[in-house]
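Comments concern the structure below.
In this note's numbering, the protein residues as written are 2 to 323.
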């Protein structure tokens, strides 16, 4: 005689016994905790990165002759060389910022460190990162963001691209595509240089991000002035300038009169090898220290796993009830 088994219930399935449900609850709790951690805790850059200089512009007060501190132990503080500037707030209203202010008929302000103590000399590979915000009502072209004597100048142009120009003899240059960034919002940038590469385009990379979008490598880089990538290696760097004009030597200076905020400028580099040209992961970690927002892909994956887990459990329970 055939025996008919009673229908299976939830309690017959080991997955839904009380002890299993408790284990499931703990697993779900851990998953939720992981999601919260990804949302609330920004990425951390590696402690062994060769950071040579960092300027946060957090002083908030002071005029001509005042100092904005180097946040490293190298002591390359910048001196405000005129009163033609303003203090401001940084990315998303956090921290400080420095605003180079343009005035009609005058060259723009320069924040300068002279007699640099050799920190930036003879770098074979290096990376410059930072944040800038160019005001939309400014039409001047070729306004510099930062310049290293016997190194390079990074310029913001009227067509919203970055122009990376060697300040050594011959002055080769590369540029990003038009409209690489937007006006009136904080833009994260990173420029990496490997002076031992085979060409300008293989030796220089540029990254862009925003306060809510992680940086990615810029595409469409082109050569402005041809020359050897070796000319981007630094020589005897006697001055660093945070400025909004190109030529920063005296009243005959040339370039644009533009209003530009800058904050958290950093220089990484080494005098031998290629490790000073940071990779994409390190650049994203540097960005996240200021942006302090989760990378969308990470959060999306974790949320997707959580949703999939709950949907799977619900389907199993529905089948067992049927």
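Glycine included, C-beta positions come from ideal geometry on N, C-alpha and C.
In the displayed model, residue 158 falls within coil according to three-state DSSP, outside both helix and strand. In the DSSP assignment, residue 87 falls within the beta strand (DSSP E) that extends over 86 to 90. Judged by DSSP secondary structure, residue 201 falls within the alpha helix (DSSP H) whose first and last residues are 201 to 204. Scanning 275, 279 and 209 for the CA closest to the CA of residue 219 turns up 209. In the DSSP annotation of this structure, the continuous segment of the beta strand (DSSP E) that includes residue 191 starts and ends at 188 to 195. Exclusion of the five residues before and after residue 119 leaves no residue of its chain whose Cβ lies closer than 6 Å to its Cβ.
Ranking 90, 125, 64 and 71 by CA distance to the CA of residue 236 puts 125 first.
Assignment of residue 278 by DSSP, reduced to helix, strand and coil, places it in the coil class. The C-alpha of residue 67 lies about 11 Å from the C-alpha of residue 58. Burial of residue 265 is indicated by the presence of at least 16 other C-beta atoms within 10 angstroms of its C-beta.
CA-to-CA, the gap between residue 198 and residue 75 works out to about 28 Å.
Bounds of the beta strand (DSSP E) holding residue 242 are 240 to 244.
Between residue 113 and the set 205, 184 and 70, the nearest pair of CA atoms involves 70. Non-local C-beta neighbours of residue 273 in its own chain, meaning closer than 7 Å and more than five positions away in sequence, comprise 125, ordered along the chain.
By the Cβ neighbour-count rule, residue 101 is buried, with 16 or more other Cβ atoms within 10 Å of its own.
When the five nearest sequence neighbours on each side are left out, the beta carbons in the same chain lying within less than 8 Å of the beta carbon of residue 147 are those of 129, 131, 154, 155, 241, 242, 243, 244, 263 and 266, in order along the chain. When the alpha-carbon of residue 288 is set against those of 61, 239, 234 and 190, the nearest one is in 190. In the structure shown, residue 184 adopts coil according to DSSP, grouped into three states. Taken atom to atom, the span from the alpha-carbon of residue 173 to that of residue 115 is near 24 Å. The Cβ atoms of residue 212 and residue 292 sit closer than 8 Å to each other. The DSSP-derived three-state label of residue 232 is helix. Judged by DSSP in its simplified three-state form, residue 63 adopts coil rather than helix or strand. Between residue 97 and residue 88, the gap from beta carbon to beta carbon is short of 8 Å. In the three-state DSSP reduction, residue 171 falls in the coil class, being neither helix nor strand. By a beta-carbon distance limit of 8 Å, residue 167 contacts residue 232. Their separation comes to about 5 Å.
Scanning its chain for C-beta atoms nearer than 6 Å, with the 5 sequence neighbours on each side dropped, one finds around residue 234 the residues 125 and 196, in chain order.
For residue 187, the CB contacts under 7 Å within the same chain, skipping 5 residues up- and downstream, are 92, 132, 134, 211 and 212 in chain order. For residue 101, the enclosing beta strand (DSSP E) begins and ends at 97 to 101. The C-beta separation of residue 193 from residue 279 comes to about 6 Å, placing the pair in contact by the 8 Å criterion. Here the alpha carbon of residue 277 sits roughly 26 Å from the alpha carbon of residue 144.
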